[in-house]
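Read the structure below first, then the notes.
In our numbering, the protein residues as written are 81 to 133.
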(Lines of atoms letter the chains of each structure in order from A and count residues from 1; the text may use other names and numbers.)
(Lines give C-alpha, C1' and ligand atoms only; values in the text may rest on other atoms or scores of the structure.)
Protein backbone atom coordinates (compact mmCIF):
# COMPACT_ATOMS: atom_id res chain seq x y z
CA UNK A 1 0.00 0.00 0.00
CA UNK A 2 1.34 3.42 -0.94
CA UNK A 3 1.64 6.04 1.79
CA UNK A 4 1.01 9.71 1.21
CA UNK A 5 2.67 12.40 3.36
CA UNK A 6 2.14 16.12 3.40
CA UNK A 7 5.35 18.09 3.94
CA UNK A 8 6.02 21.81 3.92
CA UNK A 9 8.89 23.80 2.46
CA UNK A 10 9.84 27.44 2.79
CA UNK A 11 9.59 29.55 -0.36
CA UNK A 12 13.36 29.43 -0.89
CA UNK A 13 13.49 25.66 -0.33
CA UNK A 14 10.60 25.18 -2.78
CA UNK A 15 12.38 27.27 -5.42
CA UNK A 16 15.68 25.43 -4.96
CA UNK A 17 14.06 22.00 -5.12
CA UNK A 18 11.95 23.01 -8.12
CA UNK A 19 15.05 24.20 -9.98
CA UNK A 20 17.00 21.03 -9.17
CA UNK A 21 14.04 18.86 -10.19
CA UNK A 22 13.70 20.72 -13.48
CA UNK A 23 17.42 20.32 -14.21
CA UNK A 24 17.08 16.59 -13.50
CA UNK A 25 14.06 16.25 -15.77
CA UNK A 26 11.88 15.11 -12.86
CA UNK A 27 8.70 16.40 -11.30
CA UNK A 28 8.99 18.06 -7.90
CA UNK A 29 7.49 15.00 -6.21
CA UNK A 30 9.67 12.51 -8.06
CA UNK A 31 12.78 14.54 -7.24
CA UNK A 32 11.96 14.74 -3.51
CA UNK A 33 11.24 10.98 -3.47
CA UNK A 34 14.53 10.23 -5.25
CA UNK A 35 16.54 12.47 -2.91
CA UNK A 36 14.95 10.90 0.17
CA UNK A 37 15.62 7.36 -1.06
CA UNK A 38 19.23 8.24 -1.91
CA UNK A 39 19.75 9.54 1.63
CA UNK A 40 18.15 6.43 3.12
CA UNK A 41 20.52 4.14 1.24
CA UNK A 42 23.52 6.29 2.26
CA UNK A 43 22.52 5.64 5.86
CA UNK A 44 22.49 1.89 5.25
CA UNK A 45 18.75 1.33 5.34
CA UNK A 46 17.56 -1.22 2.79
CA UNK A 47 14.72 -0.21 0.52
CA UNK A 48 12.74 -2.90 -1.26
CA UNK A 49 12.04 -2.15 -4.92
CA UNK A 50 8.38 -1.47 -5.66
CA UNK A 51 6.24 -4.44 -6.63
CA UNK A 52 5.18 -4.62 -10.27
CA UNK A 53 1.49 -4.10 -10.99
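C-beta: ideal position from N, C-alpha, C; glycine also.
Under the three-state reduction of DSSP, residue 93 is assigned to helix. DSSP places residue 117 in the helix class (H, G or I) of the three-state scheme.
Beyond the five residues adjoining it in sequence on each side, residue 89 comes within less than 8 angstroms, by CB distance, of 97 in the same chain, given in chain order.
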